[in-house]
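A quick write-up on the structure given underneath.
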Amino acid sequence: MGVENGNVPPGAPNFRFQSEIGDEMSPRLEQSANPEARPQNFQAVIVLGKNWRERPPKDATPDWKPRLSIESEMSALAAGQMYRDGKTTRLIFTGGRTAGGDRASEAEAMRDYLKKKFPEIPEGAIEIESESIDTFANAEGVSSLLQSHGLDNVALLTVGFHLSRADRIFKSKGIKAECFSSEEIMRARSKHHDKLVDRFHGSGRVKWAKVMEFAAKRLLDLDSEGDAVGALAKLVRGDGKKKLQ
1 MGVENGNVPP GAPNFRFQSE IGDEMSPRLE QSANPEARPQ NFQAVIVLGK
51 NWRERPPKDA TPDWKPRLSI ESEMSALAAG QMYRDGKTTR LIFTGGRTAG
101 GDRASEAEAM RDYLKKKFPE IPEGAIEIES ESIDTFANAE GVSSLLQSHG
151 LDNVALLTVG FHLSRADRIF KSKGIKAECF SSEEIMRARS KHHDKLVDRF
201 HGSGRVKWAK VMEFAAKRLL DLDSEGDAVG ALAKLVRGDG KKKLQ
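In this text, residue positions in the sequence shown follow the UniProt record's numbering: the first is 1, and each later residue adds one.
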């Protein structure tokens with residue numbers, strides 16, 4: 001049959017597509033191929049936001065506050081752990097005002113969550129980039145911060161399913177960073193956190209997010225500058241937020 005040469009017979013499942021999604025969803029992607037070879041100290045750790053748990057309700061009052069997504073909370077905890085472990089002396093949180101109105105940005109909300117969990121981290125060790133609403137804009141905003149502070153030895157931190165695409169985008173903007181998944185850091189905190197990560201990976205939420213991430217990576221092949229992604233982000237997370245006020 002045509003499967004040997006890459007052709008799929010009409011009506012047959014596309015096993016190659018399913019296999020690629022399986023590779024994208026593999027927990028092994030969280031880990032570096034050679035962890036011992038990685039640098040252990042960085043001038044800064046760049047922490048990417050990953051949205052909110054809910055969108056503002058139609059009758060939201062000005063003092064209504066959204067909750068950070070599980071992914072963003074996990075990344076904030078992982079960032080604090082990296083600081084506590086002496087891997088860095090500076091944390092850069094990036095994520096814009098995507099909750100509508102004058103509410104806190106994702107970066108500000110992650111910083112506030114971090115301060116509750118790691119009160120020993122001084123305010124001066126935290127940088128905020130609050131203008132970006134997608135990963136391309138994250139990279140552009142962070143690039144300016146890195147240049148202004150003369151930082152080039154940096155780490156990139158986000159949840160595992162987002163990591164490879166984020167790394168590709170940051171590299172396209174001239175930022176070469178050592179990549180860490182938030183789950184990787186969380187697992188090392190305790191057996192309790194290790195079990196939490198297992199539950200997180202087994203959730204329908206994560207499985208769906210990884211399928212969407214697979215599609216986003218394929219879109220990146222066609223839209224390497226992020227023009228289409230940026231336009232969509234402005235519609236549903238940027239300009240579109242005005243409809244939610």
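Virtual Cβ for every residue (Gly too), placed ideally from N, Cα, C.
Limits of the alpha helix (DSSP H) - the one that Val-142 falls within
Segment 135-149, the alpha helix (DSSP H) holding Val-142.
Here's the rule: buried if 16 or more other CB atoms are within 10 angstroms of the residue's CB, otherwise exposed. What is Arg-28?
Because the pLDDT at Arg-28 is just 40, under 50, the model does not fix this residue reliably, and the value given afterwards should be weighed accordingly. Exposed, since its Cβ has fewer than 16 Cβ neighbours within 10 Å.
Classify Gly-202: buried if its beta carbon has 16 or more other beta carbons within 10 angstroms, exposed otherwise.
exposed
Whole angstroms is fine: what's the gap from Ser-105's alpha carbon to Gly-96's?
5 Å
Tell me Val-206's beta-bridge partners as DSSP assigns them.
For Val-206, which the question treats as bridged, DSSP gives no partner whatsoever.
With a CB to CB cut of under 6 Å and the five nearest residues on each side skipped, what residues in its chain are close to Thr-61?
Once the five neighbours on either side are set aside, Thr-61 has no close Cβ partner at all.
Can you tell me the Cβ-Cβ gap for Ile-133 and Leu-91, rounded? I've got them flagged as a contact below 8 Å.
Rounded, the Cβ-Cβ distance is 20 Å, inconsistent with contact.
If I measure Cβ to Cβ from Asp-63 and keep anything under 7 Å in the same chain, skipping five residues before and after, which residues do I get?
none
Within 10 angstroms of its Cβ, does Arg-187 collect 16 or more other Cβ (buried), or is it exposed?
Taking a 10 Å sphere around the C-beta of Arg-187, we find 16 or more other C-beta atoms and assign the residue as buried.
Is Met-110 near Phe-136, with beta carbons less than 7 Å apart?
no
With burial defined as no fewer than 16 other Cβ atoms inside 10 Å of the residue's Cβ, what is the status of Asn-153: buried or exposed?
exposed
Considering only C-alpha positions, which residue in the set Ala-139, Cys-179, Gly-174 and Gly-124 is nearest to Phe-161?
Cys-179
Are Gly-80 and Lys-117 touching if we call contact CB-CB under 7 Å?
yes
Distance between Ser-143 and Thr-98 (C-alpha atoms, nearest Å)
21 Å
Which residue's Cα is closest to the Cα of Leu-219: Ser-181, Ile-169, Ser-190 and Leu-151?
Ile-169
Let's see if you can read the secondary structure: which residues bound the beta strand (DSSP E) around Phe-93?
91-94
Short check: CB of Ala-76 to CB of Leu-114, under 7 Å?
yes
If you measure between the beta carbons of Thr-158 and Leu-48, is that distance less than 7 Å?
Contact flag set, yes.
If we ignore side chains and look at the alpha-carbon of each, how far apart do Glu-140 and Glu-129 end up?
10 Å
When DSSP builds the beta bridges, which residues end up paired with Leu-68?
Trp-52
Contacting residues, own chain, Cβ-Cβ under 8 Å from Thr-88 (five flanking each side not counted):
Asn-41, Phe-42, Gln-43, Ala-44, Val-45, Met-82 and Ala-155
Residue range of the alpha helix (DSSP H) that includes Phe-161
160-172
Checking the sheet assignment: what are the DSSP bridge partners for Leu-157?
Val-47 and Phe-180
Can you tell me the Cα-Cα spacing of Asn-138 and Phe-200, whole angstroms?
25 Å
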